[in-house]
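Trainee:
Numbering (UniProt numbering), first residue to last: 1 to 229.
1. Considering Cα atoms alone, identify which of 48, 40, 42 and 33 is closest to residue 19.
2. Could you give the first and the last residue of the continuous beta strand (DSSP E) run that contains residue 97?
3. Assuming contact is defined by CB atoms lying nearer than 8 angstroms, are residue 90 and residue 134 in contact in what I supplied?
4. Could you name the residues that DSSP lists as bridge partners for residue 66?
5. Compute the distance between the beta-carbons of residue 80 and residue 65, then report whether it is under 8 angstroms.
6. By how many angstroms is the C-alpha of residue 187 removed from the C-alpha of residue 68?
7. Within 10 angstroms of the Cβ of residue 143, are there 16 or more other Cβ atoms? Answer buried if so, exposed if not.
8. Is residue 157 helix, strand or coil when you go by DSSP?
9. Quick one: what's got a C-beta closer than 6 angstroms to residue 146's C-beta in the same chain, skipping five residues either side?
10. Quick check: the Cα distance between residue 205 and residue 157, rounded to an integer number of angstroms?
11. Output yes or no for whether 8 angstroms exceeds the beta carbon distance between residue 137 and residue 106.
12. Which runs of the beta strand (DSSP E) at least 3 residues long sit entirely within the segment 16-103? Give them in chain order.
13. Could you tell me whether any non-hydrogen atom of the ligand SAH is closer than 7 angstroms to the CB of residue 181?
14. So residue 126 packs on residue 97, CB below 8 angstroms; how close in whole Å?
15. Check for me: the beta strand (DSSP E) holding residue 207 runs from which residue to which?
16. Are the Cβ atoms of residue 155 and residue 130 separated by less than 8 angstroms?
17. In terms of alpha-carbon separation, which member of 53, 163 and 24 lies closest to residue 38?
18. DSSP state of residue 133, grouped into three classes?
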């Protein structure tokens, strides 16, 4: 009788979540939606900030993967974007070329190149495509090289687009007057903007980025802010 009573008291004693090891906590965090749940966990303490932002919780693009056998690893950028949840970070593997043509991004994401420098991770837009990436939501690109021919590297429709430490290159072509590194239609009549709040939040910020080729660096029918290009 005393033994059962002691077991009951011990089982009812609460276990503090911070007694869990890092691996267990990170596994729990992986089930949280990046926005707002995982974001809120990062505000709790320094340890939770480190774990909530750990690269193991990012999605990864690896061209050598043939099938979706490993959770969170995808063979193409398009598949990773499709599977991503708002607020996710996608780490694009370095080496070789990743093909990206007219990939629409309609949720807040961060795309980061996995190499030491932008040239280590190259996105190639096939000839005849409008753009490599089309943005309809707030997004960030970092440490990437994007190449396009007879189109644009990045097409910005709406949201806040941040381009940091990237290379944007329009390939040489007799018709390269049709090419632009960045086209933004935000604020124009073609942009699909459902709310005034979104309209007020539209912007493009480019920093520490090299732009090469094309008729001009940026073609805009809306508003655009350039910094330290």
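Glycine included, C-beta positions come from ideal geometry on N, C-alpha and C.
Mentor: On the basis of the coordinates in this document:
1. 48
2. 97-99
3. no
4. Residue 66 is not bridged to any residue.
5. no
6. 39 angstroms
7. buried
8. coil
9. 123, 132, 153 and 168
10. 14 angstroms
11. yes
12. 59-61, 89-92 and 97-99
13. The model depicted lacks the ligand SAH and carries no ligand whatsoever.
14. Contact flag wrong, Cβ pair sits at about 11 angstroms.
15. 203-207
16. yes
17. 53
18. strand
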